[in-house]
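Engineer:
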Amino acid sequence: MSDIPDTPDPLVLQYRERRVELHLRRDDDDIATLLAYAGSGPQPDKSSLQGPYQRLEQAIGARRAVARQLQNQGYEYLSDEHPMWSLRAQRDINAMRHIKSDSAVDYRFDPKDVFLDW
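Mapping of the sequence shown onto this note's numbering: position 1 corresponds to residue 266, and the numbering continues sequentially without gaps.
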């Protein structure tokens with residue numbers, strides 16, 4: 266089993282013709298998301314998102330755990346292989362950021378917001 270690095274760089278694993286890529290992306294507030302893609306063609310046929318992680322180290326640990334489980338199932342970590350689905354990962358994280366910004370809540374207190382009925 267190859268050693269999985271502690272860096273936030275994408276990981277590529279392969280078992281026969283099946284490829285898995287694990288990507289980490291961070292928001293402006295340093296919240297990290299783990300994105301996983303799997304497939305055997307030019308585009309992934311499965312994707313999964315996990316998180317949010319408050320710290321990058323937590324996301325790296327989760328990614329390492331997923332990679333180890335895949336290695337236990339026969340996948341080989343390809344340290345010299347470049348990820349093919351980085352654009353897909355960026356597109357998906359941008360969509361998540363858009364949803365997050367559209368649903369932002371104003372949590373600031375303003376005394377005029379309190380209705381006193383006495």
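Glycine included, C-beta positions come from ideal geometry on N, C-alpha and C.
Note that this is a predicted model, so its numbers are computed, not measured.
1. I'd like to confirm the pairing. Which residues does DSSP put opposite G304 in its beta bridges?
2. Could you spell out the range, first to last residue, of the alpha helix (DSSP H) harbouring G316?
3. Going by beta carbon distance, what residues of the same chain come within less than 8 Å of I440, once the five residues before and after it are set aside?
4. In the DSSP assignment, what residue or residues form a beta bridge with T298?
5. Which one of R281, R290, D345 has the shortest CA to CA distance from R353?
6. What does the alpha-carbon distance come out to for the pair R283 and S305?
7. State yes or no: is the beta carbon of R320 nearer than 8 Å to at least one beta carbon in chain B?
8. Is E343 helix, strand or coil when you go by DSSP?
9. Of the choices I269, T272, L278, P273, whose alpha-carbon is the least far from that of Q338?
Structural biologist: The short version:
1. Under DSSP, the beta-bridge partners assigned to G304 are R284.
2. That residue, G316, is in no alpha helix (DSSP H); its beta strand (DSSP E) goes 311-318.
3. The question about residue 440 has no answer here: the residues shown for the chain are numbered 266 through 383.
4. R290.
5. Out of R281, R290, D345, R290 has the C-alpha closest to the C-alpha of R353.
6. Rounded to the nearest angstrom, the two C-alpha atoms are 5 Å apart.
7. Checking the listed chains, one finds no chain B in this structure; it contains a single protein chain.
8. Checking the sequence shown, residue 343 turns out to be Leu, not Glu. Three-state result, L343: coil.
9. Residue L278 is the option with its Cα nearest to Q338.
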